[in-house]
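Enquirer: Numbering (my numbering), first residue to last: 15 to 275.
Ideal Cβ positions, reconstructed from N, Cα and C, are used throughout, including at glycine.
Here the structure is a predicted model, which means the values were calculated and not measured.
One structure is given below, represented as structure tokens, and several questions about it will come after.
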Ligand SMILES: [Zn+2]
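Rendered as structure tokens:
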């Protein structure tokens, strides 16, 4: 999730200037896990370099199409890996291992501590290498235990969520001539030569939808952005939470948030 790393780096810088409310973790998780994929799409578009080129209606269409791409890609790989049998009950981690094998992707786990304002959660390096950085997963486990959030994440395998997201990028790499997130382009200018650019955020939205489907989550994995960040920088996570809620059209009244100490 390279996007998350970028978001975190930027956020760490910004929160040195602006103080934010401190939101209870459980409240943030409950609100975030109730948001729709379309609402998270609005948040995702905030970080799209070409965002200003699109109308609200166009953005909505892109968000829908990217989510559909992620869901359909997940469904077609599930069907392919199960050989036609119903595998909706099978373990996400087993499915993902099979998928990595089919794609010829090597998956390795590494521990990388925070450094220089950058935290990596996971990454796909073309053509075929995914690394999961365990530091964030260990911190996340601790946070969930400390805050007593186990009931909100029953049965969720966070490593699989990170892995599934990165595997979508591997699928995109393997199918770049025909997958929507790679083929959909916007014309930046026409004269004297046509210049078309990809809309980068579509990949991220689709990767989240893909991970949500394969890991059988009831909420968007985007909700985990805030929690993963919280375990490194609580103030930055609260600021991100406010940003997501505003993008989702649910501005906060700040009645329940406490002043930072
Ligand atoms: Zn990504």
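Apply the 10 Å Cβ neighbour rule to residue 209 and answer buried if 16 or more other Cβ atoms are within range, or exposed otherwise.
Expert: Residue 209 counts as exposed, since fewer than 16 other beta carbons sit within 10 angstroms of its beta carbon.
Enquirer: In this structure, what does DSSP give as the bridge partners for residue 96?
Expert: Answer is none; residue 96 lacks a bridge partner.
Enquirer: Quick one, which of 118, 89 and 153 has its alpha-carbon nearest residue 223's?
Expert: Closest by alpha carbon: 89.
Enquirer: For ligand 1, is there any heavy atom lying closer than 7 angstroms to the beta carbon of residue 218?
Expert: True, at least one ligand heavy atom lies under 7 angstroms from that Cβ.
Enquirer: DSSP state of residue 202, grouped into three classes?
Expert: In this structure, DSSP gives residue 202 an extended state, which the three-state scheme calls strand.
Enquirer: Spatial neighbours of residue 85 within its chain, please: CB distance less than 7 angstroms, with the 5 preceding and 5 following residues excluded, ordered by chain position.
Expert: Cβ within range, chain order: 223 and 227.
Enquirer: By Cβ distance below 7 angstroms, which residues in the same chain neighbour residue 252 in space, the five residues on each side in sequence not counted?
Expert: Residues 34, 35, 36 and 37 of the same chain have their beta carbon placed closer than 7 angstroms to that of residue 252, with the five preceding and five following residues left out of the count.
Enquirer: Once the 5 residues before and after residue 143 are set aside, which same chain residues still bring their CB inside 6 angstroms of it?
Expert: Around residue 143: 120.
Enquirer: Identify whether residue 232 lies in helix, strand or coil by the three-state DSSP scheme.
Expert: coil
Enquirer: Short of 7 angstroms in beta carbon distance, which residues of its chain neighbour residue 174, apart from the five on each side in sequence? Order them along the chain.
Expert: Same-chain partners within the cutoff: 106, 107, 110 and 229.
Enquirer: Is there contact here, the stretch 177-185 with the stretch 137-152, by at least three beta-carbon pairs under 8 angstroms?
Expert: yes
Enquirer: First and last residue of the beta strand (DSSP E) that includes residue 140?
Expert: Here residue 140 belongs to no beta strand (DSSP E), and DSSP marks it neither H nor E.
Enquirer: Taking 7 angstroms as the cut-off, is the C-beta of residue 358 nearer than that to any heavy atom in ligand 1?
Expert: Residue 358 is absent from the structure shown; the chain starts at 15 and stops at 275.
Enquirer: Heavy atom of ligand 1 less than 7 angstroms from the Cβ of residue 61, yes or no?
Expert: No, the Cβ of residue 61 stays beyond 7 angstroms of every heavy atom of ligand 1.
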